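2 protein chains.
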Amino acid sequence: MNSVSPLPSSTSFRLGTLGAVATARFTARIAALGLKPKDVGLLTLLRAGGPLSQLEAAKAMGVAPSLVVTVADRLELLGAVRRLRDPGDRRRQQLTLTQQGQALLDRCAGAAHELDAEFTAELDEPERTALDRTLAKLAAAHGLPA
Amino acid sequence: MNSVSPLPSSTSFRLGTLGAVATARFTARIAALGLKPKDVGLLTLLRAGGPLSQLEAAKAMGVAPSLVVTVADRLELLGAVRRLRDPGDRRRQQLTLTQQGQALLDRCAGAAHELDAEFTAELDEPERTALDRTLAKLAAAHGLPA
DNA sequence: GGCAACCGTTCTGACCGTGAACGGTCCCGT
DNA sequence: ACGGGACCGTTCACGGTCAGAACGGTTGCC
Numbered sequence: 001m002n003s004v005s006p007l008p009s010s011t012s013f014r015l016g017t018l019g020a021v022a023t024a025r026f027t028a029r030i031a032a033l034g035l036k037p038k039d040v041g042l043l044t045l046l047r048a049g050g051p052l053s054q055l056e057a058a059k060a061m062g063v064a065p066s067l068v069v070t071v072a073d074r075l076e077l078l079g080a081v082r083r084l085r086d087p088g089d090r091r092r093q094q095l096t097l098t099q100q101g102q103a104l105l106d107r108c109a110g111a112a113h114e115l116d117a118e119f120t121a122e123l124d125e126p127e128r129t130a131l132d133r134t135l136a137k138l139a140a141a142h143g144l145p146a
Numbered sequence: 001m002n003s004v005s006p007l008p009s010s011t012s013f014r015l016g017t018l019g020a021v022a023t024a025r026f027t028a029r030i031a032a033l034g035l036k037p038k039d040v041g042l043l044t045l046l047r048a049g050g051p052l053s054q055l056e057a058a059k060a061m062g063v064a065p066s067l068v069v070t071v072a073d074r075l076e077l078l079g080a081v082r083r084l085r086d087p088g089d090r091r092r093q094q095l096t097l098t099q100q101g102q103a104l105l106d107r108c109a110g111a112a113h114e115l116d117a118e119f120t121a122e123l124d125e126p127e128r129t130a131l132d133r134t135l136a137k138l139a140a141a142h143g144l145p146a
């Protein structure tokens with residue numbers, strides 16, 4: 001008569017809590033590289049989409065343009081991105097990924113895969129690949145990066 | 001020679017971003033009920049684990065005890081939980097779920113399932129169940145609620 | 001040549017959560 | 001009986017993250 005359905009049995013709900021745990025651990029790992037999650041987001045975006053203006057980056061990331069300033073500042077300080085005024089339109093700041101940025105991103109990827117292994121340790125191989133496949137599908141369906 | 005592996009191909013990474021989207025949408029929906037995500041967490045905990053002290057709740061949720069105060073305040077104001085001093089140990093505040101709380105939680109469950117349907121619309125049925133099954137497994141493995 | 005639209009930057013403010021400090025309560029040794 | 005230490009809940013001050021408004025420099029259009 002009571003409890004129509006135990007709430008945590010919702011896929012979205014589990015996705016949310018698990019996602020929070022995953023990002024927390026990921027954040028901890030990349031902190032050693034001087035990076036924060038949004039930084040990785042921007043770097044990834046730049047590698048995938050070539051040079052971008054900050055506004056384009058903001059739209060793609062779904063954040064306010066003012067936030068991109070902060071992120072780009074930090075990344076520029078790390079030598080991971082270069083900022084240069086578009087000669088054709090001097091209002092725009094072209095963000096380009098440097099080789100150092102590439103290298104940094106690769107180390108992030110390494111950390112991410114370590115985390116994957118640790119995080120999905122209790123799954124067997126077919127489950128892991130099925131999960132990854134499905135998540136990729138969902139990500140694409142919701143217009144997320146890559 | 002470049003890009004060892006495109007980073008967003010990490011399961012953890014996708015889990016993180018998708019989780020963020022899911023919680024954002026969930027948050028928007030339950031806002032109409034006057035609830036925030038942590039509130040739902042506490043309500044769920046109370047239904048599953050019976051009456052709890054605030055400290056126990058804090059540990060189970062993985063948050064600071066001071067935060068539980070805020071959440072319990074809001075829920076008490078909504079009439080969703082009752083706070084009463086444990087007669088056996090008057091330091092403890094026993095949190096119990098009221099019938100209104102039950103009802104509220106049921107409405108949350110409804111919202112969550114609507115969201116599930118919407119969020120996983122592009123998956124076919126076997127994929128959906130497989131995903132849910134796997135996420136449940138992961139949640140359990142990481143000591144998350146229920 | 002002037003005006004509106006646009007991009008990036010700065011700054012202010014809201015929100016969320018932790019950690020420290022405090023009062024009330026309990027337990028234990030003496 | 002009683003005093004000190006541990007414990008629970010509450011309050012408060014603080015840090016971190018992000019959005020939104022305001023501003024300067026730049027462009028394109030009329």
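Chains as they are written, first to last, in full-length UniProt numbering: chain R, 1 to 146; chain H, 1 to 146. Glycine included, C-beta positions come from ideal geometry on N, C-alpha and C. Just so you know, these numbers come straight off a predicted model, no measurement behind them.
When the Cα of residue i is compared with those of the options, which residue comes out closest?
{"i": "R:Leu-101", "options": "R:Arg-90, R:Leu-77, R:Ala-117, R:Gln-93", "result": "Per the sequence shown, the amino acid found at residue 101 of chain R is Gly instead of Leu. Residue R:Leu-77 is the option with its Cα nearest to R:Gly-101."}
{"i": "H:Pro-65", "options": "H:Val-71, H:Arg-74, H:Leu-55", "result": "H:Leu-55"}
{"i": "H:Glu-127", "options": "R:Glu-122, R:Lys-137, R:Glu-118", "result": "R:Lys-137"}
{"i": "R:Leu-15", "options": "H:Leu-35, H:Ala-141, H:Asp-116, H:Leu-43", "result": "H:Asp-116"}
{"i": "R:Pro-87", "options": "R:Ser-53, R:Thr-70, R:Ala-112", "result": "R:Ser-53"}
{"i": "R:His-142", "options": "R:His-113, R:Ala-60, R:Leu-131", "result": "R:Ala-60"}
{"i": "R:Val-69", "options": "R:Asp-89, R:Leu-97, R:Leu-42", "result": "R:Leu-42"}
{"i": "R:Gly-34", "options": "R:Thr-98, R:Arg-107, R:Asp-132, R:Thr-17", "result": "R:Arg-107"}
{"i": "R:Ala-121", "options": "H:Thr-120, H:His-113, H:Thr-134", "result": "H:Thr-134"}
{"i": "R:Arg-92", "options": "R:Ala-24, R:Pro-51, R:Pro-37, R:Gly-79", "result": "R:Pro-51"}
{"i": "R:Gly-79", "options": "R:Gln-99, R:Val-63, R:Ala-24, R:Arg-90", "result": "R:Gln-99"}
So that I know if they touch, is there some Cβ in chain H lying closer than 8 Å to that of residue i?
{"i": "R:Glu-56", "result": "no"}
{"i": "R:Ser-3", "result": "Confidence is the limiting factor: at R:Ser-3 the pLDDT is only 39, short of 50, which leaves the residue's position unreliable, though a coordinate-based value still follows. Closer than 8 Å: yes."}
{"i": "R:Leu-135", "result": "yes"}
{"i": "R:Ala-60", "result": "no"}
{"i": "R:Asp-86", "result": "no"}
{"i": "R:Leu-35", "result": "no"}
{"i": "R:Leu-131", "result": "yes"}
Does chain R have any CB closer than 8 Å to the CB of residue i?
{"i": "H:Ala-32", "result": "no"}
{"i": "H:Glu-127", "result": "yes"}
{"i": "H:Glu-122", "result": "yes"}
{"i": "H:Asp-39", "result": "no"}
{"i": "H:Leu-115", "result": "yes"}
{"i": "H:Leu-138", "result": "yes"}
{"i": "H:Leu-144", "result": "yes"}
{"i": "H:Asp-89", "result": "no"}
{"i": "H:Leu-52", "result": "no"}
What span of residues does the alpha helix (DSSP H) with residue i cover, start to end?
{"i": "H:Thr-96", "result": "Not the alpha helix (DSSP H): H:Thr-96 falls in the beta strand (DSSP E), residues 89–97."}
{"i": "H:Val-71", "result": "65–77"}
{"i": "R:Glu-122", "result": "Unbroken run through R:Glu-122: none, as it is neither H nor E."}
{"i": "H:Ala-32", "result": "Segment: none, H:Ala-32 is in no alpha helix (DSSP H) and carries neither H nor E."}
{"i": "R:Pro-51", "result": "No alpha helix (DSSP H) contains R:Pro-51, which DSSP labels as neither H nor E."}
By the DSSP assignment, the beta strand (DSSP E) with residue i in it spans what residues?
{"i": "R:Leu-84", "result": "81–86"}
Taking a contact to mean a Cβ-Cβ separation below 8 Å, would you say residue i touches residue j in this structure?
{"i": "R:Leu-75", "j": "R:Asp-39", "result": "yes"}
{"i": "H:Ala-22", "j": "R:Gly-19", "result": "yes"}
{"i": "H:Leu-45", "j": "H:Ala-72", "result": "no"}
{"i": "R:Ser-12", "j": "H:Phe-26", "result": "yes"}
{"i": "H:Leu-144", "j": "H:Leu-131", "result": "no"}
{"i": "H:Leu-104", "j": "H:Arg-47", "result": "no"}
{"i": "H:Val-81", "j": "H:Leu-97", "result": "yes"}
{"i": "H:Arg-29", "j": "H:Ala-109", "result": "no"}
Query raised in the report: Taking any Cβ of chain R, which residues in the region 7–30 of chain H have a Cβ under 7 Å from it, in chain order?
Result: Leu-7, Pro-8, Ser-10, Thr-11, Ser-12, Phe-13, Arg-14, Leu-15, Gly-16, Thr-17, Leu-18, Gly-19, Ala-20, Val-21, Ala-22, Thr-23, Phe-26
**Report entry** Interface positions of the region 94–113 of chain H facing chain R (Cβ-Cβ less than 8 Å), listed along the chain
**Finding:** Gln-102, Leu-105, Asp-106, Cys-108, Ala-109, Gly-110, Ala-112, His-113
Query raised in the report: In the region 59–79 of chain R, which residues sit with their C-beta less than 7 Å from some C-beta in chain H, listed in chain order?
Result: none
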